[in-house]
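Below is one structure, written out as structure tokens, with a few remarks after it.
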Amino acid sequence: MAKRTKKRTTKKRRQKPAGNAKAPLGPGPGKRALRGKLGRISRNHKRRSVWFQARAAWPLREASVATLVSERARVEKEFAPAPGTTQWENVGPTNVGGRITCLVCHPAKPDTIWAGAAGGGVWQSTDAGQTWKGLWDSQAVLNVGALAIHPTNPKIIYCGTGEANLSADSYAGVGLYRTTNGGKSWRLFASSAKMAIPSRIGVIAIDPHDPSHVRIGGIGFGKVSPQESGFGGMYTSRDADKNWVRETFISAQNYWCHSIVFDPVQPQRIFATVTAQGVSSGLWRSVDGGATWMHLTNGLPAPAKFNRATLAMAPSDTNVIYLQVAGSNEQVLGIFRTSDGGNTWHNIGGSHFDGEGQMTYGNSIVVHPTDPNHVICGGVDLHRTTNGGNTW
Numbered sequence: 012m013a014k015r016t017k018k019r020t021t022k023k024r025r026q027k028p029a030g031n032a033k034a035p036l037g038p039g040p041g042k043r044a045l046r047g048k049l050g051r052i053s054r055n056h057k058r059r060s061v062w063f064q065a066r067a068a069w070p071l072r073e074a075s076v077a078t079l080v081s082e083r084a085r086v087e088k089e090f091a092p093a094p095g096t097t098q099w100e101n102v103g104p105t106n107v108g109g110r111i112t113c114l115v116c117h118p119a120k121p122d123t124i125w126a127g128a129a130g131g132g133v134w135q136s137t138d139a140g141q142t143w144k145g146l147w148d149s150q151a152v153l154n155v156g157a158l159a160i161h162p163t164n165p166k167i168i169y170c171g172t173g174e175a176n177l178s179a180d181s182y183a184g185v186g187l188y189r190t191t192n193g194g195k196s197w198r199l200f201a202s203s204a205k206m207a208i209p210s211r212i213g214v215i216a217i218d219p220h221d222p223s224h225v226r227i228g229g230i231g232f233g234k235v236s237p238q239e240s241g242f243g244g245m246y247t248s249r250d251a252d253k254n255w256v257r258e259t260f261i262s263a264q265n266y267w268c269h270s271i272v273f274d275p276v277q278p279q280r281i282f283a284t285v286t287a288q289g290v291s292s293g294l295w296r297s298v299d300g301g302a303t304w305m306h307l308t309n310g311l312p313a314p315a316k317f318n319r320a321t322l323a324m325a326p327s328d329t330n331v332i333y334l335q336v337a338g339s340n341e342q343v344l345g346i347f348r349t350s351d352g353g354n355t356w357h358n359i360g361g362s363h364f365d366g367e368g369q370m371t372y373g374n375s376i377v378v379h380p381t382d383p384n385h386v387i388c389g390g391v392d393l394h395r396t397t398n399g400g401n402t403w
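Per this note's numbering, residue 12 is the first one in the sequence shown, and the count goes up by one each step.
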């Protein structure tokens, strides 16, 4: 009988590269794994920023805006330029700007634009954006979250201060300002501290059928100080901004309101998007001027999946409305369209847009003034459809 022998195997040694040659790189992480890692880093960064802010504001959840304003005034006084000091002029680069949170256009002069910056105040261009001039340098805070033009008098512009985001580089404001001369001068007419409105205002909506009816939406940490409620949500004034009431049909507790749209054709019809704990997140509609509200869910994601969502109504057909929804991972959950005033919705794509975890910052959408199928969505990138979402 033949003797069985065990076959010996030898392990190959990795040879050291000769001279200065580098060893070949091993296989790196796949795209999905890398994205997961970057997502964790992004989330950790946000946790760290919230921790840093809370530590600096202790025992409050956020530093009092009044304290920040007084401290800024002290520093400006202390470091005021001496008389006769040489003046400086910016010579470049000229294409560097901050994060723009809002844009509005003059209804009769489309080349006239006002822009609000997250940390740079209000700016105006009269040549379609070729050149800009600052309108806000003398104000106490530079953080702007929303702008709105009066529907019958374009010289009247509302400005909501504070950026409607929560991060270490997103700062609160002091309330609502108004100009009656196109931005030459501004007046704080609704203080967050005195009237308990949000200090981070992300949307201002004026009823085109009754301009004394104004609604604002904002976000907040919750209780900030004994004077400031710190609550987000939707707030309403029906007496030309003299008094404000917080809408509690969503919740008496803290919730956030991101988008409010009045129907310019059908009076009494209003749409709003909110995020809240529980099952109230999503899109709401009122057909009686805000007296009662209905939660719209037919064809839309489940409330638990809703993060920030932004509305755009077609001016030429107000039954056509678009909704860009961010998911809990801050990516684009989808673009949704209705052609029956919100009764039914259809997903028309958008989930392939790369939000890069930034959709709570950059989430905007607009419809062409005369073509209800021409839509532009803003996130990290811009996407456009000219056929109602069939292609992008």
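By construction, the Cβ of each residue, glycine as well, lies at the ideal position given by its N, Cα and C atoms.
Assigned exposure category for residue i - 16 Cβ within 10 Å defines buried
| i | result |
| --- | --- |
| Asn101 | exposed |
| His363 | exposed |
| Ser181 | buried |
| Glu341 | buried |
| Ala91 | exposed |
| Thr259 | exposed |
| Pro40 | Because Pro40 sits at a pLDDT of 46, beneath the cut-off of 50, its placement in the model cannot be relied upon, and the following sentence gives the value as read from the coordinates. Answer is exposed; the Cβ neighbour count stays below 16. |
| Phe63 | exposed |
| Trp99 | exposed |
| Glu87 | exposed |
| Arg66 | exposed |
| Ser223 | exposed |
| Pro35 | Caution is warranted here: a pLDDT of 43 is assigned to Pro35, below 50, making its placement in the model unreliable, and no coordinate value can be reported. |
| Asn309 | exposed |
Counterpart residues of residue i in DSSP-defined beta bridges
| i | result |
| --- | --- |
| Val225 | Ile217, Ser248 |
| Phe144 | One detail in the question is off: residue 144 reads as Lys in this sequence, not Phe. Looking at the DSSP assignment, Lys144 forms a beta bridge with Gln135. |
| Ala157 | Gly171 |
| Ser270 | Thr284 |
| Ala128 | Ile111, Gly132 |
| Ile212 | Gly229 |
| Arg257 | Tyr246 |
Residues of its chain near residue i, where Cβ-Cβ distance is below 6 angstroms and the 5 sequence neighbours each way are ignored
| i | result |
| --- | --- |
| Ala323 | Tyr333, Ile376, Val377, Val378 |
| Val276 | Thr329 |
| Ile359 | Ile346, Arg348, Gly400 |
| Val290 | Pro314 |
| Gln288 | none |
| Met1 | With the chain covering 12 to 403 only, the question about residue 1 has no answer from this structure. |
| Gln369 | Val391 |
Chain C contact for residue i (CB, 7 angstroms cutoff)
| i | result |
| --- | --- |
| Pro165 | The displayed structure is made up of one protein chain only, and chain C is not part of it. |
Cβ-based neighbour list, residue i, same chain, cut-off 8 angstroms, excluding 5 preceding and 5 following
| i | result |
| --- | --- |
| Asp148 | Gly132 |
| Asp138 | Asp122 |
| His394 | Gly361, Phe364, Ile387, Cys388, Trp403 |
Same chain only: Cβ atoms within 7 angstroms of residue i, ignoring 5 sequence neighbours per side
| i | result |
| --- | --- |
| Asp250 | Ser223 |
| Thr172 | Val152, Asn154, Val155, Gly156, Gly184, Val185, Gly186, Tyr188, Ile212 |
Worksheet entry | Minimum length 3: unbroken beta strand (DSSP E) runs contained in the stretch 275 to 352 | Counting only runs of 3 or more, we get 281 to 286, 293 to 297, 305 to 307, 320 to 324, 332 to 337, 343 to 349.
Worksheet item: What residue ranges within the stretch 365 to 402 form continuous alpha helix (DSSP H) runs of no fewer than 4 residues, ordered along the chain?
Response: none
Item to complete: For the stretch 146 to 156 and the stretch 168 to 187, state whether three or more C-beta atom pairs, one from each stretch, are separated by less than 8 angstroms.
Response: yes
Discussion item. Quick test of the definition: if touching needs 3 or more C-beta pairs under 8 angstroms, does the stretch 78 to 87 touch the stretch 120 to 129?
Written reply: no
Worksheet item: Which ranges would you report for the alpha helix (DSSP H) in the stretch 167 to 210 if only whole runs of at least 4 residues count?
Response: 203 to 206
Worksheet entry | contact_flag[the stretch 188 to 196, the stretch 214 to 232] where n(CB pairs < 8 angstroms) is 3 or more | no
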